[in-house]
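K.L.:
Under the working numbering, the letters of the first sequence match residues 232 to 956, in that order. Sharing a structure below in structure tokens format, with a few things to ask.
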Amino acid sequence: MAWPGMEKYQNERIIIHLDYDCFYASVVENERPGLRSLPLGIQQKNILATCNYVARAQGVKKLQLVSEAKKTCPNLVIVNGEDLSRFRDASKKLWLYVREFIWEYKVERLGFDEVFLDVTQMIDFNIANLNLADFPASVLPTCTLASNLACTNADDDKLVEEAADQGIGFFRLSLTDPKRGFSFSWGKLPGHTYPLNDALDLRVLPESDHSSQSLEDDGLDCKVHNDFHQTKHTKHRLHRRLFLAAHFADFLRNSVKETYNYTVSAGISTTKLTAKLAGSVNKPDKQTLLIPAATQSFLDGHEIGKIPGVGFKTAQVLREELLGVVQGGAPEGSSVAEVAFYDKLTHPVTIHDIRRKLTLDRLSQVLDSKEQARKLYGWLHGVDTTPVAQTSLIPTQISIEDTFRSLKGTKQAEQVLIQLVTKLITRMHIDLLSPLPTPTTSTPTPTTSLQRWLACPRTFRLSLRPRDMTGPYSARISKSAPLPRYVFARDSCAEALAGRLVRDVGLPLLRKMGKVGEGELQLVNVAVVNMEESKAGEAVMAGVDIEKVFAGKKVTAEGSRNKNDEDMDWEKEVREIERVYKMLGEKGVEGDHKLAEEIDGISNEEDTIVDGQNLGIVGVMKPIDNQIEPGIGEDLWVKADDNGELSDMDGNGTDIVPAEAPTLRPIAHLRTKSRLDFSELEMEDEVGSPSARGVVCPKCGMGVLLFALEAHARFHEMERREQEK
DNA sequence: TGGGGTCCT
DNA sequence: AGGACCC
232 MAWPGMEKYQ NERIIIHLDY DCFYASVVEN ERPGLRSLPL GIQQKNILAT
282 CNYVARAQGV KKLQLVSEAK KTCPNLVIVN GEDLSRFRDA SKKLWLYVRE
332 FIWEYKVERL GFDEVFLDVT QMIDFNIANL NLADFPASVL PTCTLASNLA
382 CTNADDDKLV EEAADQGIGF FRLSLTDPKR GFSFSWGKLP GHTYPLNDAL
432 DLRVLPESDH SSQSLEDDGL DCKVHNDFHQ TKHTKHRLHR RLFLAAHFAD
482 FLRNSVKETY NYTVSAGIST TKLTAKLAGS VNKPDKQTLL IPAATQSFLD
532 GHEIGKIPGV GFKTAQVLRE ELLGVVQGGA PEGSSVAEVA FYDKLTHPVT
582 IHDIRRKLTL DRLSQVLDSK EQARKLYGWL HGVDTTPVAQ TSLIPTQISI
632 EDTFRSLKGT KQAEQVLIQL VTKLITRMHI DLLSPLPTPT TSTPTPTTSL
682 QRWLACPRTF RLSLRPRDMT GPYSARISKS APLPRYVFAR DSCAEALAGR
732 LVRDVGLPLL RKMGKVGEGE LQLVNVAVVN MEESKAGEAV MAGVDIEKVF
782 AGKKVTAEGS RNKNDEDMDW EKEVREIERV YKMLGEKGVE GDHKLAEEID
832 GISNEEDTIV DGQNLGIVGV MKPIDNQIEP GIGEDLWVKA DDNGELSDMD
882 GNGTDIVPAE APTLRPIAHL RTKSRLDFSE LEMEDEVGSP SARGVVCPKC
932 GMGVLLFALE AHARFHEMER REQEK
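Below, the structure is given as structure tokens:
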């Protein structure tokens, strides 16, 4: 993106950092507005992930134990936030919204609730625009936010002139459409500044010591009457650019609030580091512009660990370097976790301290790489060249995890794995499948109703945290294996695929972990990684209509023929898998082994892990009429032997219970409540046996794995409807 | 202390 | 495969 004379404006970057206020709590408040006025905490296991500001006013803290929070605030409303789906969805929605405003999509996501924006080009274009003769034409009267995006008053010369006289500016959001943008008042700087606006006498501020090259007055005299802006510093280019950015940040915050009802805090500066730190100065629903000349003193006051990039370990090393090795050390024979360390509260070390006492050479010796030292040295002085990365629409990894007080043995682990992998596959569908074709009347019906995979993960990873490993923290163990292709069958239900995946890859990996896999587990995590982007993915990234890319090969004129062909093969392969699945579904759950083998033949060609017997697959989902309610209230029985245990009949941990086995008796009653929501599958465990994993269908006597229950019930419903015809 | 993520080695 | 960092 360029315009005449752009280069001479391109020196220092302008970065905005946005931070959605107590994000999880805000998501819940938007779902249930009644909670807005109440103290609200979001619970994950034993702690509050976050809480709203009403709760904070009553003494509740982030990351506090739920038990403690309840003491300090007995009327605290607590909502469980262990399932992140809604937060992830809201985060993505906000990100996509903000993204559309920023040229070249220079928008980087950090976690679910933060974004960095590099608005340098937008700011410089608008500055340049003002300097060109069209300053009056780029000025519009104030209009409401709603009409800002398509303001039609531009032609009204009188209003325009009046506006200019009143110091009203117009910020253009589009290079090509001069009407797209918002108006703002040059006379008023939105939000806060650091140092404080009142304390800030711009007239006596020294020329900025670390960006003096950009403070050259370019001669533009803004048509404003406000004293503040008639100081000499207003004439400094960097200041003017930052003021403009403050207005843009204000616009973005207001837009997000009006459109989606989320309050946002923002920091405006020239680097990611300083923008982020500046944003945390004034917090809920406020923004802060860091005045460049104050950068060093601003940074100096921060504790060393506050620098994003300086984590627990690095901060520890730096504190020890300054204060000396911790006295006493670890008692003889104590575990690593008991080693004493300098705490940031008891032994705060500031950026100032480090900057004054540790040279670059010293830092190089203390840190593990010269690069790290150079980066840190820069940060200490407000230098941070890290670019704002365009966050891809496609994640590099998708993972699901759960923690437990105690989880023992392969049997329970399998249950957990099926649950987690089912969620994982559902998430793959949400995050990796192309958006559904928009149902507009103008677009011709697409050749296929199937969504496309934007990317395909090549690897499945299982991670565990053993109950009490001797580690100061985290300590996970992980193993990976190739992800079988059949998980990409788009019309199969997540349960069925999960069952197969756990059987073929999950359990083998678990066994590969040896003793750890059978011992007590505190955490289980499943993930798909190694994303390979497809042509469809690239097209979506570029904002191109996917259907066009695939409809005519001619559209992809670029020399990427190979990649495209590979993608077509990939599509064909997945379709073939889906065809076989469909046939299997039509043949019924009796599970024609030949077909099942066919699936394995197709899908496991390249898989290194093919484990256990082929049991036939039952969980095939077929498209069915939305009107009907199959399987609701249908009774199914879990059976067990006289000891109350499901025997591992085939010795492979698969536990499909034959209906004919005379010694079996029911131990649990299952009833499908809803056909759409798998999570609502109701299970009344009558014996308390956690090992019940197979059920016998009362209709056909077929053994059905729990994960496939829903699909199985649906099969019977389809059968019934066929007979009614 | 949660349930996610990123990149580097 | 693990470690450091981020939220």
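Backbone N, C-alpha and C fix where the C-beta goes; we use that ideal spot for every residue, glycine too.
Which of helix, strand or coil does DSSP assign to Val350?
P.N.:
The residue labelled residue 350 in the question sits at position 119 within the first sequence. Reduced to three states, the DSSP call for Val350 is coil.
K.L.:
On the DSSP bridge assignment, give the partners of Glu345 in chain order.
P.N.:
On the first sequence, residue 345 is found 114 positions in, with the first residue counted as 1. Asp250, Leu341, per the DSSP bridge assignment.
K.L.:
Any idea which residues DSSP pairs Gln518 with across the strands?
P.N.:
Counting from 1 along the first sequence, the entry for residue 518 is found at position 287. Gln518 is bridged to Ala497.
K.L.:
Assuming Pro515 contacts Ser496 (C-beta within less than 8 Å), just tell me the rounded distance between them.
P.N.:
In the first sequence, residue 515 corresponds to position 284, counting from 1. In the first sequence, residue 496 corresponds to position 265, counting from 1. Sure, about 7 Å apart at Cβ, within 8 Å.
K.L.:
Between which residues of its own chain and Arg319 is the CB-CB distance below 8 Å, once the five residues before and five after are set aside?
P.N.:
Counting from 1 along the first sequence, the entry for residue 319 is found at position 88. So the list reads Phe343, once near-sequence residues are dropped.
K.L.:
Would Val346 pass as a contact of Val338 if the rule is Cβ separation under 7 Å?
P.N.:
Counting from 1 along the first sequence, the entry for residue 346 is found at position 115. Counting from 1 along the first sequence, the entry for residue 338 is found at position 107. Cβ distance < 7 Å, so Val346 and Val338 count as in contact.
K.L.:
Going straight from the alpha carbon of Arg287 to that of Pro618, what length do you get?
P.N.:
Within the first sequence, the letter at position 56 stands for residue 287. Within the first sequence, the letter at position 387 stands for residue 618. Cα to Cα, Arg287 sits roughly 34 Å from Pro618.
K.L.:
Using DSSP bridges, identify the partner residues of Ser709.
P.N.:
The count along the first sequence starts at 1 and reaches residue 709 at position 478. DSSP, once it has assigned bridges, lists Ser694 as partnering Ser709.
K.L.:
Could you tell me which residues DSSP pairs with Trp684 in its beta bridges?
P.N.:
Here residue 684 corresponds to residue number 453 of the first sequence, with the count starting at 1. Note: Trp684 sits in a beta bridge opposite Leu664.
K.L.:
From the DSSP output, which residues share a beta bridge with Glu751?
P.N.:
As a position in the first sequence, residue 751 is number 520, starting the count at 1. Glu751 pairs with Lys639.
K.L.:
Does DSSP put Arg263 in a helix, in a strand, or in coil?
P.N.:
For this step, residue 263 is matched to residue 32 along the first sequence. Correct three-state label for Arg263: coil.
K.L.:
Since Glu632 contacts Val759 with CB under 8 Å, what's their CB separation in whole angstroms?
P.N.:
The count along the first sequence starts at 1 and reaches residue 632 at position 401. The count along the first sequence starts at 1 and reaches residue 759 at position 528. Rounded, the Cβ-Cβ distance is 13 Å, inconsistent with contact.
K.L.:
On a Cα-Cα basis, can you pick out the residue from Met799, Gln397, Gln646, Ser665 that is closest to Ser416?
P.N.:
As a working mapping, residue 416 is identified with position 185 in the first sequence. The shortest Cα separation from Ser416 among Met799, Gln397, Gln646, Ser665 belongs to Gln397.
K.L.:
Going along the chain, which residues of its own chain have a beta-carbon closer than 8 Å to the beta-carbon of Ile708, five neighbours each way excluded?
P.N.:
In the first sequence, the residue the question calls residue 708 occupies position 477. Answer for Ile708: Ser694, Leu695, Arg696, Pro697, Met744, Val747, listed in chain order.
K.L.:
Residues in its own chain within less than 7 Å of Lys639 by CB, not counting five upstream and five downstream?
P.N.:
Your numbering for residue 639 matches position 408 in the first sequence. Only Glu751 meet the Cβ criterion.
K.L.:
Starting from Ile625, follow the beta strand (DSSP E) in both directions and report where the run begins and ends.
P.N.:
Within the first sequence, numbered from 1, the residue matching residue 625 stands at position 394. Neither: Ile625 is in no beta strand (DSSP E) and is coded neither H nor E.
K.L.:
Would you be able to state if there are at least three C-beta pairs under 8 Å between the region 636-650 and the region 350-359?
P.N.:
Short answer: they don't touch.
K.L.:
Assuming contact is defined by CB atoms lying nearer than 7 Å, are Ala256 and Leu279 in contact in what I supplied?
P.N.:
Here residue 256 corresponds to residue number 25 of the first sequence, with the count starting at 1. Here residue 279 corresponds to residue number 48 of the first sequence, with the count starting at 1. Not closer than 7 Å, so no.
K.L.:
Figure out for me which residue from Leu591, Asp776, Ser595 has the closest Cα to the Cα of Leu667.
P.N.:
Taking the first residue of the first sequence as position 1, residue 667 is located at position 436. Here the closest residue by C-alpha is Asp776.
K.L.:
Looking at Val597 and Arg550, is the spacing between their C-beta atoms short of 7 Å?
P.N.:
Residue numbering aside, residue 550 sits at position 319 when the first sequence is read from its first letter. Residue numbering aside, residue 597 sits at position 366 when the first sequence is read from its first letter. Not in contact: Arg550 and Val597 (Cβ atoms no closer than 7 Å).
K.L.:
Have a look at Asp615 and Leu741 and give me their C-alpha separation to the nearest angstrom.
P.N.:
On the first sequence, residue 615 is found 384 positions in, with the first residue counted as 1. On the first sequence, residue 741 is found 510 positions in, with the first residue counted as 1. Cα-Cα distance, rounded: 43 Å.
K.L.:
Rounded to the nearest angstrom, what separates Asn242 and Arg472 at their Cα positions?
P.N.:
To locate residue 242, count along the first sequence from 1; it is residue 11. To locate residue 472, count along the first sequence from 1; it is residue 241. Roughly 11 Å between the two C-alpha positions.
K.L.:
Report the rounded CA-to-CA distance for Leu714 versus Arg734, giving the unit in angstroms.
P.N.:
If you number the first sequence from 1, residue 714 lands on position 483. If you number the first sequence from 1, residue 734 lands on position 503. Those two C-alpha atoms are separated by around 12 Å.
K.L.:
Out of curiosity, what's the CA-to-CA distance linking Asp908 and Ala725?
P.N.:
For the purposes of this step, residue 908 is taken as the residue at position 677 of the first sequence. For the purposes of this step, residue 725 is taken as the residue at position 494 of the first sequence. Low confidence applies to Asp908: its pLDDT is 29, below 50, so where it sits in the model is not reliable enough to give any reading.
K.L.:
At the level of alpha carbons, what is the spacing between Asp458 and Gly418?
P.N.:
The sequence position of residue 458 within the first sequence is 227, counting from 1. The sequence position of residue 418 within the first sequence is 187, counting from 1. Confidence in Asp458 is poor, its pLDDT being 33 and thus under 50, which makes the residue's placement unreliable; the coordinate value appears in the next sentence. Distance between the alpha carbons of Asp458 and Gly418 is about 9 Å.
K.L.:
What's the C-alpha gap between Gly613 and Thr590?
P.N.:
Here residue 613 corresponds to residue number 382 of the first sequence, with the count starting at 1. Here residue 590 corresponds to residue number 359 of the first sequence, with the count starting at 1. Looking at the two C-alpha atoms, the distance is approximately 16 Å.
K.L.:
How about Leu685 and Val757: are their beta carbons less than 7 Å apart?
P.N.:
Here residue 685 is taken as the residue at index 454 of the first sequence, counted from 1. Here residue 757 is taken as the residue at index 526 of the first sequence, counted from 1. It is not a contact, given that the beta carbons lie outside the stated cut-off.
K.L.:
To which residues of the same chain is Pro893 closer than 7 Å at the C-beta, ignoring the five residues directly before and after it?
P.N.:
Numbered from its first residue, the first sequence carries residue 893 at position 662. Reliability fails at Pro893, whose pLDDT of 28 lies under 50, so the model's placement of it is uncertain and the value that follows must be treated cautiously. Hits under 7 Å: none found.
K.L.:
Can you pull the DSSP bridge partners for Cys282?
P.N.:
Here residue 282 refers to the residue found at position 51 when the first sequence is read from its first residue. According to DSSP, Cys282 bridges with Gly272.
K.L.:
Going along the chain, which residues of its own chain have a beta-carbon closer than 7 Å to the beta-carbon of Tyr425, five neighbours each way excluded?
P.N.:
As a first step, residue 425 must be located in the first sequence, where it is residue number 194. Excluding residues within five positions, the ones whose Cβ falls inside 7 Å are Ala509, Val512, Thr519, Leu521, Ile522, Ala525, Phe529.
K.L.:
When you compare the CB positions of Thr494 and Asp252, do they come within less than 7 Å of one another, or not?
P.N.:
Residue mapping note: residue 494 aligns to position 263 of the first sequence, counting from 1. Residue mapping note: residue 252 aligns to position 21 of the first sequence, counting from 1. Their beta carbons are under 7 Å apart, which means Thr494 touches Asp252 by this criterion.
K.L.:
Quick check on Ala720: does DSSP put it in helix, strand or coil?
P.N.:
Translated into the one-based positions of the first sequence, residue 720 becomes position 489. Reduced to three states, the DSSP call for Ala720 is coil.
K.L.:
Looking at Leu681: is its Cβ nearer than 7 Å to the Cβ of Trp610?
P.N.:
As a working note, residue 681 is residue 450 in the first sequence. As a working note, residue 610 is residue 379 in the first sequence. In this structure, Trp610 does not lie closer than 7 Å to Leu681 by Cβ.
K.L.:
For Ser765, count the other beta carbons within 10 Å of its own beta carbon; 16 or more makes it buried, fewer makes it exposed. Which is it?
P.N.:
As a first step, residue 765 must be located in the first sequence, where it is residue number 534. Buried, since its Cβ has 16 or more Cβ neighbours within 10 Å.
K.L.:
Pick from Lys507, Val548, Val541, Arg484: whose alpha carbon is nearest that of Lys517?
P.N.:
Taking the first sequence and counting its residues from 1, one reaches residue 517 at position 286. Ranking Lys507, Val548, Val541, Arg484 by Cα distance to Lys517 puts Arg484 first.
K.L.:
Quick one, which of Tyr284, Val258, His423, Thr634 has its alpha-carbon nearest Ser268's?
P.N.:
Looking up residue 268 in the first sequence gives position 37. For the residues Tyr284, Val258, His423, Thr634, the minimum Cα distance to Ser268 belongs to Tyr284.
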